[in-house]
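Undergrad: In the working numbering, the protein residues as written are 859 to 902.
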């Protein structure tokens, strides 16, 4: 795991985590992202 994988753990361990409630923080390197261009905005 590279340094990028540590960022969520550092945030959870800090005082900034007091505003994070009821969520799952997935650290999977993008494995759960769907394939394709689903995240593009439609043309104007």
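Beta carbons are placed, not taken as given, at the ideal position from N, Cα and C, and that holds for glycine. As the structure is a prediction and not an experimental result, all values here were calculated from the model.
Can you grab the Cα-Cα spacing for the pair residue 867 / residue 873, in whole Å?
TA: The straight-line gap from Cα to Cα measures roughly 12 Å.
Undergrad: Could you tell me the alpha carbon to alpha carbon distance between residue 875 and residue 891, rounded to whole angstroms?
TA: 24 Å
Undergrad: Could you please give the first and the last residue of the uninterrupted alpha helix (DSSP H) stretch that includes residue 868?
TA: For residue 868, the uninterrupted alpha helix (DSSP H) run begins and ends at 865 to 870, by DSSP.
Undergrad: Looking at the structure shown, is residue 874 part of a helix, part of a strand, or coil, going by DSSP?
TA: Of the three classes helix, strand and coil, the one that applies to residue 874 here is helix, per DSSP.
Undergrad: Short of 7 Å in beta carbon distance, which residues of its chain neighbour residue 889, apart from the five on each side in sequence? Order them along the chain.
TA: none
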